[in-house]
Amino acid sequence: TAWSALKAADPASRAGAALVVARMFPPPAEALDAVLAALKDTDISVRLAAADALGNYAMSVPELFSATAVQELAEALKDKDHGLRAALIFPLSRLVSRGGQALAALLGALNDSDLDVKRSAAVALGFVGPAAKEALPVLREQLKSRDCSLRVLSARAIIFIDPAFKKNTIVSKAAETKCTGVKTMPA
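Here the working numbering runs 1134 ahead of the position in the sequence shown, where the first position is 1.
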């Protein structure tokens, strides 16, 4: 079964099992616990597959996540791999309504050492919208970043969180900036 394969000795088998579990809809009750456990696997491919599963579950069945599950997901943002930290931003953004740990983790991600994690957090907080008002001071500080894409994404997030900032010249100019080779959320 997929559950036993998540505990296989071979990392490729564990990662494949996590991908299979990610596609189970509706997910069985034990799926969330198994996938959260896979976030602690020693192999990064397994952890990334688990993040993919959590993204699917958070988007389609957020009620599956208890406050404890959200807290475990937030704790995983401390992983040493920046790619995994960036991959966990999306599921956390979908779980803000499930408890304060998700929003707190996203706010913390704005100060991550990795630019991709910061960018992902800015986009996610923008999509959270007005419920992410706590992020505004840090996002405004990000407008001073040397990284063009982080400035643009932060400005757009500010506007999504509080549309009144569209009238702010600094924010609106930053949101309209064109950076080469940058994927951005819609204005």
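Backbone N, C-alpha and C define an ideal beta-carbon position, used for all residues, glycine too.
- Relative to G1150, the option among F1159, V1169, A1238 and E1164 whose CA is nearest is V1169.
- Rounded to whole angstroms, R1285 and A1308 show a C-alpha spacing of 6 Å.
- In terms of CA proximity to F1224, D1250 leads the group D1144, K1174, V1155 and D1250.
- DSSP, reduced to helix, strand and coil, places L1140 outside both helices and strands of the structure shown, so it counts as coil.
- Following the DSSP letters along the chain, one finds D1250 inside the alpha helix (DSSP H) bounded by residues L1249 to V1262.
- Q1235 and S1138 have their C-alpha atoms roughly 30 Å apart.
- When the beta-carbon positions are compared, R1228 and A1243 stay at least 9 Å from each other.
- The Cβ atoms of N1302 and V1272 do not sit closer than 9 Å to each other.
- Secondary structure of E1164 (DSSP, three-state): coil.
- Taking C-alpha positions only, L1222 is separated from I1304 by approximately 30 Å.
- D1296 and K1267 do touch by the CB rule: their CB atoms are close to 7 Å apart, below 8 Å.
- A distance below 9 Å separates the beta carbons of A1172 and L1140.
- Ranked by how close their Cα comes to the Cα of K1214, the residues A1183, D1248, A1187 and V1257 have D1248 in first place.
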